[in-house]
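Student:
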Amino acid sequence: MAITNSKTGKIRKSYNLKSLKEAANLMRGLNLVALNCAGSGHSGGTLSIMDIAAALYLKVARLDPQNPDWEKRDRIIWSGGHKAPALYVSLAMAGCFPTEEVMTLRKFGSPFQGHPHWLDLKNVEVSTGSLGQGLGIGIGIALRAKLDRKKFKVFVISGDGEWDEGSMWESALAAAHYKLNNLVVIIDRNYLQIDGRTEEIMSLGSMEKKLLSFGFEVLKINGHDMEAILNSFQKAGKSKNKPVAIVAHTVKGKGVSFMENVAGWHGRVPNDEELEAALKELKLWDKMDVGGLKAKAATYQKRVNRKIEKLMPKFSKNYFWNTQETMKVEMEPTRFGFGRALEEKGGDKRVVCLGLDISGSVKISQFYENHPERKKRFLSMGIQEQNGTTVAAGLAKEGKLPVISTYGVFCSQRNADQMRTTVCYGNLNVFFGGAHGGISVGADGATHQALEEISVVGILPNMSLVVPCDAVETQKATEHLLLKVKGPKYLRFAREATPVVTDKKTPFVFGQANVIRLRKIGPDFNKAFETVLASKYKSEKEEVAIVACGPEVPEAMRAAWILKQEFGLETRVLNVHTVKPLDKQAIVAAAGEVKILVTAEEHQKGGFGNLIASAIMEAGLVQVPKFGMIGVNDRFGASGRPWELIKAFGLSAEHIAQKVIQLKEVKKEKKK
Ligand SMILES: Cc1ncc(C[n+]2csc(CCOP(=O)(O)OP(=O)(O)O)c2C)c(N)n1
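For the sequence shown, the working numbering gives the first residue as 898, with consecutive numbering after it.
1. Taking 9 Å as the threshold (C-beta atoms), are Ile1084 and Gly1035 in contact?
2. Comparing alpha-carbon positions, which option in Glu919, Tyr1387, Lys1435 lies nearest Gln1310?
3. Would you say the beta carbon of Lys1149 comes nearer than 8 Å to a heavy atom of ligand 1?
4. Less than 6 Å between C-beta atoms, sequence neighbours within five positions excluded: which residues of the same chain meet that for Leu1560?
5. Classify Asn1215 as buried or exposed, calling it buried when 16 or more other Cβ atoms lie within 10 Å of its own Cβ.
6. If contact is defined by three or more beta carbon pairs under 8 Å, each pair taking one atom from either stretch, is the stretch 999-1015 in contact with the stretch 1332-1350?
7. Can you list the alpha helix (DSSP H) stretches of 4 or more residues lying completely in the stretch 954-1024, in chain order?
8. How far does the beta strand (DSSP E) with Thr1375 in it reach, from first residue to last?
9. Cβ atoms of Glu1440 and Glu1467: under 9 Å apart, would you say?
10. Should Lys1556 be labelled buried (16 or more other beta-carbon atoms within 10 Å of its own) or exposed?
11. Run the proximity test for Tyr985: is its beta-carbon closer than 8 Å to any non-hydrogen atom belonging to ligand 3?
12. Between the Cα of Ala1142 and the Cα atoms of Arg1389, Met1065, Val1148, which residue gives the shortest distance?
13. Can you tell me whether Asn1020 is buried or exposed, with buried defined as 16 or more other CB within 10 angstroms of its CB?
14. Is any non-hydrogen atom of ligand 1 found closer than 8 Å to the C-beta of Asn1472, if you look at the structure I gave you?
15. With DSSP as the reference, please indicate the residues paired to Glu1229 in a beta bridge.
16. At a cut-off of 8 Å, would you count Gln1520 as near ligand 1, judging by its Cβ distance to the nearest heavy atom?
17. Does the Cβ of Pro1167 have 16 or more other Cβ atoms within 10 Å, making it buried, or fewer, making it exposed?
18. Unbroken alpha helix (DSSP H) runs of length 4 or more, entirely within the stretch 1120-1186: which are they?
19. Helix, strand or coil for Tyr1265? Go by DSSP, reduced to three states.
20. Can you tell me which of Ile1356, Arg1203, Phe1307, Ala1290 puts its alpha carbon nearest to the alpha carbon of Asn1324?
21. Looking at the unbroken alpha helix (DSSP H) that takes in Cys934, where does it start and where does it end?
22. What are the partner residues of Phe1533, as DSSP defines its beta bridges?
23. Please report the distance separating the alpha-carbon of Ala899 from that of Ala952.
24. In whole angstroms, give me the CA-to-CA distance for Ser940 and Val1148.
25. Assess contact between the stretch 1473-1490 and the stretch 1529-1540, defined as three or more Cβ pairs (one per stretch) separated by less than 8 Å. Is contact present?
26. Helix, strand or coil for Lys1569 per DSSP?
27. Between the C-alpha atoms of Gly1547 and Ala1238, what's the straight-line distance to the nearest angstrom?
28. Identify whether Ile1083 lies in helix, strand or coil by the three-state DSSP scheme.
29. Could you work out which residue in Val1306, Ile1356, Val1354 is closest to Ala1332 when comparing CA atoms only?
30. Does any heavy atom of ligand 1 sit closer than 8 Å to the C-beta of His939?
31. With burial defined as no fewer than 16 other Cβ atoms inside 10 Å of the residue's Cβ, what is the status of Ile1513: buried or exposed?
32. Are at least three pairs of beta-carbons, each pair with one atom in the stretch 1244-1255 and one in the stretch 1263-1280, less than 8 Å apart?
33. Is the beta carbon of Ser976 closer than 9 Å to that of Gly1063?
34. Please report the straight-line C-alpha distance between Met1099 and Glu1229, rounded to a whole angstrom.
35. Buried or exposed: Asp961, going by 16 or more other Cβ atoms within 10 Å of its Cβ?
36. Between Val1364 and Asp1480, what straight-line distance do the alpha-carbon atoms span, to the nearest angstrom?
Encoded structure:
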């Protein structure tokens, strides 16, 4: 089949071998320009799958770009959602929307999210981004076709690294069990994942033999030979009673010499010079209006900037970070503190680190990078959050101090039952490094923005949970959790650089909050504040308390500054780095001593705020303060720049200050 008019049954546009190859080449170019405009994303895998994508969307699958909900269309599932740009340029080339629109990729408000979201963009079948789930969805759709005697086909595009996930093999069993001959799974066998070569990270061996033994009809092809690709799809259409697996041997980064077979290009995008070199290699530099495409992206971004600025509460001055001398701070990602601590304390032979194929980015690899002798204590688990958690449990049971780390979403929720029943119920000494927490992971979008860990993890018996406010505090917390806290522990930290507001001397006592007070507005932001342990603090009859954790602590400090300068209000900032066990004494003391109390979290609103509220309510105070919460308001995240999202989702200091003022005014009005 092909791009079809669903009303007349006629082919809208047909491709021969030559034009299909040309289209695939152009799609590579468009993909790279979009990635360059986005400033982040996945070059390697989008290039390795592009010939297959071109064949599927332009020639093989039955689709009507004018009728995305056409019942008879073939369904294409992108199980590896990080290859979204390849999906978007495929849809554009098929005629679903103008190609230039894809240049808004990964920008705030764009339908071209970092990972595909079917509710944002017609023609996207399902939302993906958490690896290992697309095949199961495909099976569900294929089963529905069988139940209702529908003739459409289901194609699932997966990556080889993705097959580290146990869920893929569960799905493989099910596909064969139900004899789904209407299901074709494509494996982009490029032999690379993030941390390196698949066979070194978690050997897959022969995918062909494995899938054959699972009951698939298996076709092995060169995934860049267009004729072979088309033939394999034709053969796949004739399967009698088996699901089909096309193992497409490909080259990650295909088409651009300096990207080919280089693991580092997994999550890197070309800068302007690299883009030019790449497009010249693809013989597209003179053919494409790169300037025009980039202008489209720039114009869209300007609109975003204006929209977001409108969402910001306004004061007499701009108090945003580094806009005026006094607001100058150093910025460092909290994950750097995690890496430093592992490097410094990793000499302890009991420490074993488990990598989940994102080791460089979350900084767990710093454990061994300068200490080759520790490499044997670094266990590569591939993309296996669930298995990694139980393996860590086994290590802990035998006296080791295992540390396991990946994106917070996968670290706290992909393995939720393993964490609950094996680790927490057994009270085992496993350290979870929940990296890239919060929306500040930015352009990757909702699938990668961990906003629920405080609720999911903080409710577990025996668990300790720390959410440090900056890189320095992250280092202290990592060291403490690793060596001093027995039992399960979870550290929530972030990807983006955030203000450093503590130093070596700042108190950090596990389980005890700090009080931060603005003493004297002066030229140096950090020096204007004094920090003491909450247990040592005596009330100064401040009117306001802001109770915060994680990256909202610096925002709370800035809010205290705004409240003082603009309204003359004194604020007690409570840095509650340890969320479990919670320093209820400090919280209740604040509640009893101020008139307005606002909680602030870069998390679903209430995960932290409700813990603070219940601590206050349970204390049975005679009088409770006016209470407000700042957090993400019952929604999923979105693609965008980290600081754009902080502003757009109402998490900035300006929003905290505004909330305080609103509460103050409500009170005044009621008195009248
Ligand atoms: C459950 C889950 N864990 C981790 C990640 C982070 N991640 C994104 S892509 C990727 C590597 C995927 O490798 P592969 O499937 O081989 O894709 P390709 O190399 O073809 O891009 C990882 C670990 C994720 N998206 N989902």
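Cβ atoms here follow ideal geometry from the backbone N, Cα and C, with glycine treated the same way.
Tutor: Per the coordinate set shown:
1. Taking the sequence shown and counting its residues from 1, the one referred to as residue 1035 is at position 138. Taking the sequence shown and counting its residues from 1, the one referred to as residue 1084 is at position 187. For Gly1035 and Ile1084, no; Cβs fall outside 9 Å.
2. The residue you call residue 1310 lines up with position 413 of the sequence shown. It is Tyr1387.
3. Indexing the sequence shown from 1 puts residue 1149 at position 252. Correct: Lys1149 has its Cβ closer than 8 Å to ligand 1.
4. Start at 1 with the first residue of the sequence shown, and residue 1560 comes out as number 663. Cβ within range, chain order: Ile1493, Lys1523, Gly1525.
5. Residue mapping note: residue 1215 aligns to position 318 of the sequence shown, counting from 1. Per the 10 Å Cβ criterion, exposed.
6. yes
7. 981-991
8. Position 478 of the sequence shown, counting from 1, holds the residue named residue 1375. It is not in any beta strand (DSSP E) - Thr1375 instead sits in the alpha helix (DSSP H) that spans 1368-1381.
9. By 1-based counting over the sequence shown, the position of residue 1467 is 570. By 1-based counting over the sequence shown, the position of residue 1440 is 543. Cβ distance < 9 Å, so Glu1467 and Glu1440 count as in contact.
10. Residue numbering aside, residue 1556 sits at position 659 when the sequence shown is read from its first letter. Under this definition Lys1556 is a buried residue.
11. This structure does not include ligand 3; its bound ligands are ligand 1.
12. The sequence position of residue 1142 within the sequence shown is 245, counting from 1. Closest option to Ala1142, Cα to Cα, is Met1065.
13. As a working mapping, residue 1020 is identified with position 123 in the sequence shown. Asn1020 should be labelled buried.
14. Counting from 1 along the sequence shown, the entry for residue 1472 is found at position 575. No.
15. As a position in the sequence shown, residue 1229 is number 332, starting the count at 1. Beta-bridge pairing links Glu1229 to Thr1395.
16. Sequence index remark: in the sequence shown, residue 1520 carries index 623 (1-based). Every heavy atom of ligand 1 is 8 Å or more from the Cβ of Gln1520, so no.
17. The residue you call residue 1167 lines up with position 270 of the sequence shown. Buried, since its Cβ has 16 or more Cβ neighbours within 10 Å.
18. 1123-1133, 1169-1178
19. Mapped onto the sequence shown, residue 1265 falls at position 368. Here Tyr1265 sits in helix by DSSP.
20. By 1-based counting over the sequence shown, the position of residue 1324 is 427. Looking at the Cα atoms, Ala1290 is the closest of the given residues.
21. The sequence position of residue 934 within the sequence shown is 37, counting from 1. Residues 914-935.
22. One-based indexing of the sequence shown puts residue 1533 at position 636. Beta-bridge pairing links Phe1533 to no other residue.
23. Locating residue 899 in the sequence shown gives position 2, counting from the first residue. Locating residue 952 in the sequence shown gives position 55, counting from the first residue. Straight-line Cα distance between these residues: approximately 9 Å.
24. As a first step, residue 940 is located in the sequence shown; it is residue number 43 there, counting from the start. As a first step, residue 1148 is located in the sequence shown; it is residue number 251 there, counting from the start. So the two alpha carbons sit approximately 12 Å from each other.
25. no
26. Translated into the one-based positions of the sequence shown, residue 1569 becomes position 672. Note on Lys1569: pLDDT 49, under 50, position unreliable in the model; the coordinate value appears next. Of the three classes helix, strand and coil, the one that applies to Lys1569 here is coil, per DSSP.
27. Translated into the one-based positions of the sequence shown, residue 1547 becomes position 650. Translated into the one-based positions of the sequence shown, residue 1238 becomes position 341. So the two alpha carbons sit approximately 32 Å from each other.
28. Position 186 of the sequence shown, counted from the start, is the residue given in the question as residue 1083. Residue state, collapsed to three classes: strand.
29. Taking the first residue of the sequence shown as position 1, residue 1332 is located at position 435. Taking only the C-alpha atoms, the option nearest Ala1332 is Val1306.
30. Indexing the sequence shown from 1 puts residue 939 at position 42. Yes, ligand 1 has a heavy atom inside 8 Å of this Cβ.
31. Within the sequence shown, numbered from 1, the residue matching residue 1513 stands at position 616. Ile1513 comes out buried.
32. yes
33. As a working mapping, residue 1063 is identified with position 166 in the sequence shown. As a working mapping, residue 976 is identified with position 79 in the sequence shown. No; because the gap between Cβ atoms is not below 9 Å, this pair is not in contact.
34. Position 202 of the sequence shown, counted from the start, is the residue given in the question as residue 1099. Position 332 of the sequence shown, counted from the start, is the residue given in the question as residue 1229. Our two residues, Met1099 and Glu1229, have alpha carbons roughly 32 Å apart in a direct line.
35. Taking the sequence shown and counting its residues from 1, the one referred to as residue 961 is at position 64. The residue in question, Asp961, is buried, as its Cβ has 16 or more Cβ neighbours within 10 Å.
36. In the sequence shown, the residue the question calls residue 1364 occupies position 467. In the sequence shown, the residue the question calls residue 1480 occupies position 583. Cα to Cα, the separation comes out at about 13 Å.
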